[in-house]
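Q: Structure provided below as structure tokens; questions to follow.
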Amino acid sequence: MPFPPGDIVAAFGRHLHFKRLEQVLCGRHPELADRVHFDDANLLMHLKVTLSGKQSVALSQVRMGHTIVWTVVDPVLNSDPSIWPPDTPDEVLVDALHAVASSHLTGVPVATPWRWNESEPSEMTELADLLDARGVRVRRVAAGNGYLPYGPRLSPKLDIVRERDGSFVEAEFPDALVRVSVKPALGWLVDVYLAERGAWACVDLAWNLWRSTRPAPGVPRTAASVVDIADVLEGTGDLGPGGVRAVRADRARKTGFHRAQVGAAGGPLRR
């Protein structure tokens, strides 16, 4: 008897994995057990939680570029995709599915940290919660889960943030796009996109926090709290003398930040 082709073996392995996920979901969240359904019609495998009528929240695997990822599919058409790495533990996958399904069933927002597509609370999820509570639109959070979608919802692309890149929050203010990150060697960093200059700039956090300067743009993690950072973000329009380090926009992604300084009130560039 010939051995089955590789694609048949792979499909059977995925089938067994989804069946195991179904058991884990029902075991961890028995209140959803009567709504859980494994759908493998036409080999398109989904682990579904039925909401009402024909609507459901589903966990599935999809290909984004050259990478196969896990995604929690929300029936709300304009919602942001929830993407998880292929090696995500089963418990995290079913808990992410449960968080989104429970939100629909109870009519309350997805609980943190799941709302940010993170499985564990962190400084980044705490900062995202603080900014959201202050009316700031949080665009992306990367901490434990570095798989981030971008682009159109119907055909998103995948951005993978590696552990060496640190963690960050991206937020959109009325007049600025801001990225707050934590780097192993530098601590807290705040970068602001200056639309009038077409460039990213690094905020001098020490100046904004204590009206002092440091040789490096960041501040140690232990020297500033999450609340301190949120307060700085609300005052990024008042950067103080030498408060921003700027870089030409076309070189920002390739070479890092230039040493040029931008004055407090959009003054001349000092070299």
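By our numbering, the letter at position 213 of the sequence shown is numbered 332, and the numbering carries on one by one without gaps. Glycine included, each C-beta is placed from N, C-alpha and C at the ideal position. Keep in mind that this is a model prediction, so the values were computed, not measured.
(1) Just how far apart, CA to CA, sit V168 and L151?
(2) Alpha carbon to alpha carbon, how far is P194 from E239? Give it in angstroms, no decimals.
(3) Within 10 angstroms of its Cβ, does E237 collect 16 or more other Cβ (buried), or is it exposed?
(4) Closer than 6 Å by C-beta to G306: which residues in its own chain qualify, once you throw out the five before and the five after it? Chain order, please.
(5) Quick one: which unbroken beta strand (DSSP E) runs of 3-plus residues sit fully inside the stretch 174–236? Chain order, please.
(6) Between which residues of its own chain and T207 is the CB-CB distance below 7 Å, once the five residues before and five after are set aside?
(7) Can you look up L273 in the DSSP assignment and give me helix, strand or coil?
(8) Note the first and the last residue of the continuous alpha helix (DSSP H) segment covering T341.
(9) What are the start and end residues of the beta strand (DSSP E) that includes T169?
(10) Measuring CA to CA, which of H217, A129, E245 is closest to L170?
(11) Is V288 closer than 8 Å to A252 when the C-beta atoms are compared?
A: Quick answer:
(1) 7 Å
(2) 24 Å
(3) buried
(4) G337, V338, P339, R340
(5) 175–183, 186–192, 201–203
(6) W189
(7) coil
(8) Careful: T341 lies outside any alpha helix (DSSP H) and carries neither H nor E.
(9) 165–169
(10) H217
(11) no
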